[in-house]
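If you count the sequence shown from 1, you need to add 1 to reach our numbering.
Notes for the one structure printed next.
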Amino acid sequence: MINLRSLYQLQKLDLEVDGQQSSLIAIEEAIADKSKLNQLQSGLEINRENSKKYKIKQSGVDGLVHELQEKSSNLKGRLYDGSITNVKEMESVTAELEYANQELNIAEEELLSLMLKLENNDKEESQIQDALTNYQLEQRESNFTLTKELDSVKSLLDSNLRERESLAKSISALLLTQYERIRKVKQGLGITEVKGGRCMACLLTLPTKQLQQLRSAAEINTCTSCGRILFVN
């Protein structure tokens, strides 16, 4: 009499073990996942680097604005202080003043643009920092929960592995080897139950003769369609 019942129980345990091992991997990956954290930290770093660049540029443009304002003021002074004595010099200073004012307008517009960029950058930095702080809090809580879940799954897995080891001793080495070989190529399912005359793995209707052989449990029978070991409960 072949001990298919124990093998079928072993299959149930193996499916639980497979699920628990998959859960362990998923939980460990979730705990180790730093992609969102890295994304936020990277965004914050880029934002701060942009702020530095804007401030350096703002400082230079601000200096240029002051320089052009002083130049414009001096040129206006020359136009109205009576120091210019001929038309040609008057035209030259007037043209120089117009050019200085044009340059000043451009510099002031650039300065305003940089101030707006800095303001927006500061707002964005504040938002990213808030998001980072909130995420780190959530992550600590999540990791605490996941660690508890991990310990629970490990405990169940250890228990199932011990039970499997004990159960495997009651199954012949030949049958166990055949089962393991089939499991590797059949998505972890090496033995399947027969119900209503059908293989429950692939739903093939089995021949009457094979059903009779299965009930005697005198030899190992496999499904002619999916190749799995058949078991009648």
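Every residue gets a Cβ at the ideal spot worked out from N, C-alpha and C, and that includes glycine.
Original post:
Around the Cβ of F145, are there at least 16 other Cβ atoms within 10 angstroms (buried) or fewer (exposed)?
Top reply: With a threshold of 16 other beta carbon atoms within 10 Å, F145 falls short and is exposed.
Subject >> Residue of S84, L76, I107 minimising C-alpha distance to A96 >> reply: Minimum Cα distance to A96 is reached at L76.
Original post:
Between the C-alpha atoms of C200 and T193, what's the straight-line distance to the nearest angstrom?
Top reply: Roughly 7 Å between the two C-alpha positions.
Subject >> Bridge-paired residues (DSSP) for E194 >> reply: Looking at the DSSP assignment, E194 forms a beta bridge with F232.
**OP:** Taking Q22 and L133 to be in contact with their CB atoms under 8 Å, please state how far apart those CB atoms are, rounded to whole angstroms.
**Re:** About 34 Å; that fails the 8 Å criterion.
Subject >> Own chain residues within Cβ distance below 7 Å of I183, not counting five before or after >> reply: Shown here for I183: same chain residues with a beta carbon closer than 7 Å to its own, the five before and five after excluded, namely G191, G228, R229, I230 in chain order.
**OP:** Run the CB neighbour count on Y100, radius 10 Å, all protein chains shown included, and call it buried at 16 or more, exposed below.
**Re:** Classification of Y100: exposed, given that the 10 Å Cβ count is below 16.
Original post:
Does the separation of the CB atoms of N48 and N122 fall below 8 Å?
Top reply: Yes, they are a contact pair.
Original post:
Who pairs with T223 in a beta bridge, going by DSSP?
Top reply: For T223, the pairing in a beta bridge is given by DSSP as I230.
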